[in-house]
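By my numbering, the letter at position 30 of the sequence shown is numbered 106, and the numbering carries on one by one without gaps.
Ideal Cβ placement from N, Cα and C applies to all residues, glycine included.
Everything numeric in this text was worked out from a predicted model, so none of it was measured.
Below is one structure, written out as structure tokens, with a few remarks after it.
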Amino acid sequence: MKAQRKADGEETGDALFSLRPGLAAPLLLGAIFWSLEVHGDEISETLVPEVDIPPGLHARPRIDLPVASLPPRVHAFWDRQNIFLFAGVGVMRILDYTSTQNMLRRGREEILLPQDVVENHAGFAALEVAATATSIGISYLFHRTRHHKLERWLSIGHISVAGFGAARNYALESKHP
Ligand SMILES: [Zn+2]
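Next up, the structure:
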């Protein structure tokens with residue numbers, strides 16, 4: 077029995093060996109393609125879960141790019157907000173001028189100020205214009221140095237301080253009548 081099995085094994089082995097020359101090339105090619113397909117599937121299968129994680133990583137560069145592109149988006153210096161704020165500064169300067177003039181007028185009536193006050197009108201008006209121009213100029217410097225918050229807050233602070241001064245002038249005037 078054992079001898080026969082060995083003999084059969086040898087025979088089959090010889091039969092396969094005899095088939096090899098003709099099938100060697102196709103079998104090798106098939107084995108290569110099969111291994112490539114298997115490896116290909118293995119690679120793709122292993123890459124897919126890795127790719128599933130990278131989408132999060134891919135999203136970061138996509139987020140970083142907009143973030144990187146945001147800083148260049150500097151607002152124009154003469155945008156609506158600045159024009160509004162500068163107009164506010166100018167209005168407050170005019171109010172400061174008029175409120176001060178009202179105070180001086182009242183003072184002139186009471187104390188009879190010298191004629192210098194008339195000459196001071198032009199000088200004081202020029203001072204108000206200079207104050208507005210200086211405020212805008214400093215805002216521009218903040219804008220150029222990328223201090224856009226300070227650029228805004230300078231005008232806001234200027235408006236609030238000038239507004240407070242004008243309100244005080246008018247308040248002082250309203251007390252006397
Ligand atoms: Zn700015």
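| Which term fits residue 160, buried or exposed, when burial requires 16 or more other beta carbons within 10 angstroms of its beta carbon? | Here residue 160 is exposed. Its C-beta has fewer than 16 other C-beta atoms within 10 Å.
| query | In the structure shown, what three-state DSSP assignment does residue 154 receive? | reply | Residue 154 falls in the coil class under three-state DSSP.
| request: Evaluate residue 155 with the Cβ neighbour count: other Cβ atoms within 10 Å of its Cβ, from every protein chain shown; 16 or more gives buried, anything less gives exposed. | output: exposed
| residue 236, buried or exposed, once every other Cβ within 10 Å from all chains shown has been counted against 16 | exposed
| Three-state secondary structure (DSSP) at residue 149? | coil
| Run through DSSP, which three-state label would residue 117 get? | With a pLDDT of 43 at residue 117, under the threshold of 50, the modelled position of that residue is not reliable, and no figure is offered here.
| Simplified DSSP assignment, three categories, for residue 220 | helix
| request: Please work out which residues of its chain come closer than 8 Å, Cβ to Cβ, to residue 170, disregarding the five sequence neighbours upstream and downstream, and give them in chain order. | output: 204
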